[in-house]
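In my numbering, the protein residues as written are 229 to 540.
Just so it is clear, CB atoms sit at the ideal spot from N, CA and C, and this is done for glycine as well.
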């Protein structure tokens with residue numbers, strides 16, 4: 229009887245195994261899907277973390293770069309230099325830094341450009357270091373020079389007093405030499421002349437016949453005067469107190485007795501510290517009035533001779 233009861237249950241066992249197998253397949257599929265989703269979520273999370281890290285790094289780099297550039301500007305502002313060329317160079321560096329700050333702000337979201345600007349900032353900082361070293365050396369040199377100057381101030385004061393005394397003596401001596409170097413002249417004579425067809429000159433006292441005015445004298449010996457070219461200036465003052473000009477329409481002037489005035493004619497001579505006769509000629513270019521004429525001769529801004537003549 230027991231064998232007959234166990235026989236009917238045998239066909240139901242394979243059906244239970246089939247259900248179990250499908251359940252495990254579903255579980256395996258779910259596990260695989262979970263693993264895949266987990267990996268995908270993990271990768272996505274890592275990518276997001278990396279992007280966030282890069283953004284934060286870029287922001288940090290940008291802020292650091294701005295701070296560095298602003299610090300460089302402040303350092304330049306505290307620098308004091310007297311050298312104009314160096315001032316101009318420092319100003320040019322400041323302008324570059326300001327331009328770089330603008331570029332950083334403009335491209336703050338571009339990592340590649342920010343990296344490039346950072347390198348440029350590094351170059352500018354190296355240049356600034358060079359300037360600061362040079363300025364420090366110059367300031368140190370100036371301090372030493374000021375110390376030397378202070379230590380020599382008393383000696384310089386003594387030297388200055390001595391120099392002033394010597395300058396006064398030199399000025400006095402120069403005045404004496406200048407006065408002594410004026411060419412001496414004697415026997416000064418002035419007259420109006422006519423020039424005949426043969427070239428012969430003849431004196432005249434008629435105003436309407438005067439063609440030239442002639443002034444002659446004898447230069448004396450003067451060993452103090454420097455030999456060489458000398459210029460004699462002649463002023464002819466008419467009866468109406470007017471200086472006769474050369475008729476060119478462009479009055480000629482020279483300095484004499486501390487003032488500037490017209491001259492009628494000038495002549496260059498070669499003076500060798502020996503006595504010599506000299507004449508100066510003026511060509512009449514206008515109708516001369518009658519009366520007394522005064523003729524003055526000048527050399528080295530000093531009047532050396534005077535003569536008069538009359539025309540009627």
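Go to residue 316, then tell me how far its alpha helix (DSSP H) extends in each direction, as first and last residue.
Residue mapping note: residue 316 aligns to position 88 of the chain shown, counting from 1. First-last of the alpha helix (DSSP H) with residue 316: 312–334.
Can you give me the start and stop residues for the beta strand (DSSP E) that residue 416 sits inside?
Sequence index remark: in the chain shown, residue 416 carries index 188 (1-based). Unbroken beta strand (DSSP E) run through residue 416: 413–423.
Note down the Cα distance separating residue 287 from residue 364, rounded to an integer number of angstroms.
What you label residue 287 is simply residue 59 of the chain shown in a count that begins at 1. What you label residue 364 is simply residue 136 of the chain shown in a count that begins at 1. The alpha-carbon atoms of residue 287 and residue 364 are separated by roughly 35 Å.
Going by DSSP, name the residue or residues bridged to residue 445.
The count along the chain shown starts at 1 and reaches residue 445 at position 217. For residue 445, which the question treats as bridged, DSSP gives the partners 506.
Does the Cβ-Cβ distance between residue 423 and residue 460 come in under 8 Å?
For the purposes of this step, residue 423 is taken as residue 195 along the chain shown, with counting starting at 1. For the purposes of this step, residue 460 is taken as residue 232 along the chain shown, with counting starting at 1. Taking 8 Å as the Cβ cut-off, residue 423 and residue 460 do not qualify as a contacting pair.
Okay, do the stretch 306–324 and the stretch 348–362 touch, 3+ Cβ pairs below 8 Å being the bar?
Of all C-beta pairs linking the stretch 306–324 to the stretch 348–362, three or more are shorter than 8 Å, placing the two stretches in contact.
Is it true that the stretch 342–349 meets the stretch 303–318, where meeting means three or more beta-carbon pairs spaced less than 8 Å apart?
With a cut-off of 8 Å, the stretch 303–318 and the stretch 342–349 do not count as touching, because too few Cβ pairs lie within range.
Residues that residue 545 bridges to, as DSSP identifies them
As displayed, the chain neither begins before 229 nor continues past 540, which places residue 545 out of reach and without an answer.
Just to confirm before moving on: does the CB-CB distance between residue 411 and residue 522 stay below 8 Å?
On the chain shown, residue 411 is found 183 positions in, with the first residue counted as 1. On the chain shown, residue 522 is found 294 positions in, with the first residue counted as 1. Their beta carbons are not under 8 Å apart, which means residue 411 does not touch residue 522 by this criterion.
Among 292, 360 and 281, nearest to residue 317 - alpha-carbon criterion:
As a working note, residue 317 is residue 89 in the chain shown. It is 360.
Is residue 290 buried or exposed, if buried means 16 or more other CB atoms sit within 10 Å of its CB?
Walking along the chain shown from the start, residue 290 turns up at place 62. Residue 290 is buried by the Cβ-count criterion.
Environment of residue 492 [buried if 16+ CB atoms lie within 10 Å]
Taking the first residue of the chain shown as 1, we reach residue 492 at position 264. Result: buried.
Cα separation between residue 502 and residue 382?
The residue you call residue 502 lines up with position 274 of the chain shown. The residue you call residue 382 lines up with position 154 of the chain shown. Cα to Cα, the separation comes out at about 51 Å.
Measure the C-alpha to C-alpha separation of residue 487 and residue 529 and round it to an integer number of angstroms.
Locating residue 487 in the chain shown gives position 259, counting from the first residue. Locating residue 529 in the chain shown gives position 301, counting from the first residue. Spanning the two alpha carbons is a distance of roughly 9 Å.
Are at least three pairs of beta-carbons, each pair with one atom in the stretch 440–454 and one in the stretch 417–432, less than 8 Å apart?
yes
By DSSP, does residue 533 sit in helix, in strand, or in coil?
If you number the chain shown from 1, residue 533 lands on position 305. Residue state, collapsed to three classes: strand.
Going by beta carbon distance, what residues of the same chain come within less than 8 Å of residue 247, once the five residues before and after it are set aside?
For the purposes of this step, residue 247 is taken as residue 19 along the chain shown, with counting starting at 1. So no residue of the chain qualifies.
At which residues does the beta strand (DSSP E) containing residue 429 begin and terminate?
Here the question's residue 429 lines up with position 201 in the chain shown. 429–432 is the extent of the beta strand (DSSP E) around residue 429.
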